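*Asks:*
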Amino acid sequence: MTEEQKPMRQVRSFVLRAGRMTEGQQRALEEAWPQMGLEKADGMIDPAAVFGREAPLVLEIGFGMGDSLIQMARQMPEKNYIGIEVHKPGVGRLLNNARNEGLGNIRVYCDDAVEVLAQCIPDGSLDCLQLFFPDPWHKKRHHKRRIVQSAFVQAIRRKLKVGGQFHMATDWENYAEQMMEVMSAAEGFRNAAGPGAYSPQPDFRPVTKFQNRGERLGHGVWDLIFERTE
Numbered sequence: 004m005t006e007e008q009k010p011m012r013q014v015r016s017f018v019l020r021a022g023r024m025t026e027g028q029q030r031a032l033e034e035a036w037p038q039m040g041l042e043k044a045d046g047m048i049d050p051a052a053v054f055g056r057e058a059p060l061v062l063e064i065g066f067g068m069g070d071s072l073i074q075m076a077r078q079m080p081e082k083n084y085i086g087i088e089v090h091k092p093g094v095g096r097l098l099n100n101a102r103n104e105g106l107g108n109i110r111v112y113c114d115d116a117v118e119v120l121a122q123c124i125p126d127g128s129l130d131c132l133q134l135f136f137p138d139p140w141h142k143k144r145h146h147k148r149r150i151v152q153s154a155f156v157q158a159i160r161r162k163l164k165v166g167g168q169f170h171m172a173t174d175w176e177n178y179a180e181q182m183m184e185v186m187s188a189a190e191g192f193r194n195a196a197g198p199g200a201y202s203p204q205p206d207f208r209p210v211t212k213f214q215n216r217g218e219r220l221g222h223g224v225w226d227l228i229f230e231r232t233e
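Just so we're aligned: the sequence shown equals residues 4 to 233 in this note's numbering.
Written out as structure tokens, the structure is:
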């Protein structure tokens, strides 16, 4: 096993929660997976071969139920999208919606994103990596489970093209502050909004259910966009 293939951390940033799958989600998993599903066991991918074309490549970690990823793929058909999600109901919902809409620019992993990045995504292949509303692990003793840590950031830096973007969003102010601290200290990145500044929410990022929930609870929402410089 090479250094890059070794796990980047021992503590997982997610917990597998049981969820009931609808008949449509289960059917989509069975029927659409051969066309849109990707397997970690198959190893390193060739994005052009996977999608049958050369196009800007966007990868989203933790797409939840997939509604925002579907919206982006629909609105920006010129881009290719890879989503990674561990919860099967969300994967099934996304596959069902993508199939119903005839979207050919989405592929999906149902696996641990850290392992998929290390074992399946070529270095320098991503135009953008999206991490929207990751689990905040709001209790201080659980902060070590947050995915935005220095080792993770350097791992994804290798996967981004020079000039590619790491786009984060959260509705937890403390997590936004941690993201800013980690990213501002990260070698090889530049804050697109300027040192210490949060980015306005781009028009292309849909408002997710997590954002709606956070705003109902009185939370703010923070976007951070950092570009790989080297």
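We treat Cβ as the ideally placed atom computed from N, Cα and C, and that holds for glycine.
A quick note: this is a predicted structure, and the numbers were derived from the prediction, not measured.
1) For the beta strand (DSSP E) that contains M47, what are its first and last residues?
2) Quick check: the Cα distance between E218 and F207, rounded to an integer number of angstroms?
3) Please list, in chain order, all residues of the same chain as A196 whose beta carbon is under 6 Å from its beta carbon, the five residues on each side excluded.
4) Out of W175, M171, K164, which has the shortest C-alpha to C-alpha gap to K143?
5) With respect to the beta strand (DSSP E) encompassing V165, which residues constitute its N-terminal and C-terminal limits?
6) What number of angstroms, rounded off, separates the C-alpha of L106 from the C-alpha of Q157?
7) Using beta-carbon positions only, say whether P92 and R30 come within less than 9 Å of one another.
8) Determine the contact status of V151 and Y178, defining contact as a CB-CB distance below 9 Å.
9) Excluding the 5 residues flanking F17 on each side, which residues of the same chain have their C-beta closer than 7 Å to its C-beta?
10) Output yes if chain B places a C-beta closer than 9 Å to the C-beta of N215; else output no.
11) Give me whichever residues DSSP pairs with S202 in a beta bridge.
12) Excluding the 5 residues flanking Q28 on each side, which residues of the same chain have their C-beta closer than 7 Å to its C-beta?
13) Leaving out five residues on either side along the sequence, give the residues of the same chain with a beta carbon under 6 Å from the beta carbon of H222.
14) Closest by CA to P234, which one among V53, D49, E26?
15) Measuring only the C-alpha atoms, how far is K49 from T25?
*Replies:* Answer, in terms of the structure:
1) As a position in the sequence shown, residue 47 is number 44, starting the count at 1. Element bounds for M47: n/a, residue is neither H nor E.
2) Within the sequence shown, numbered from 1, the residue matching residue 218 stands at position 215. Within the sequence shown, numbered from 1, the residue matching residue 207 stands at position 204. Roughly 19 Å between the two C-alpha positions.
3) For the purposes of this step, residue 196 is taken as the residue at position 193 of the sequence shown. Hits under 6 Å: S202.
4) On the sequence shown, position 140 is the one that residue 143 refers to. Answer by Cα proximity: W175.
5) Residue mapping note: residue 165 aligns to position 162 of the sequence shown, counting from 1. Run containing V165: 163-173, per the beta strand (DSSP E) assignment.
6) Looking up residue 106 in the sequence shown gives position 103. Looking up residue 157 in the sequence shown gives position 154. Cα-Cα distance, rounded: 32 Å.
7) Taking the first residue of the sequence shown as position 1, residue 92 is located at position 89. Taking the first residue of the sequence shown as position 1, residue 30 is located at position 27. No, these two residues do not count as a Cβ contact at 9 Å.
8) If you number the sequence shown from 1, residue 151 lands on position 148. If you number the sequence shown from 1, residue 178 lands on position 175. Contact: yes.
9) Here residue 17 refers to the residue found at position 14 when the sequence shown is read from its first residue. Confidence in F17 is poor, its pLDDT being 48 and thus under 50, which makes the residue's placement too unreliable to answer from.
10) Chain labels in this structure do not include chain B; a single protein chain is all it has.
11) As a working note, residue 202 is residue 199 in the sequence shown. Note: S202 sits in a beta bridge opposite D226.
12) Counting from one through the sequence shown, the residue named residue 28 turns up at place 25. Cβ within range, chain order: P92, G95, R96, N99.
13) Taking the first residue of the sequence shown as 1, we reach residue 222 at position 219. D174, listed in sequence order.
14) For residue 234 there is no data in the structure shown, the boundaries of the chain being 4 and 233.
15) Translated into positions along the sequence shown, residue 49 becomes position 46. Translated into positions along the sequence shown, residue 25 becomes position 22. For the record, residue 49 in the displayed sequence is Asp; it is not Lys. Distance between the alpha carbons of D49 and T25 is about 32 Å.
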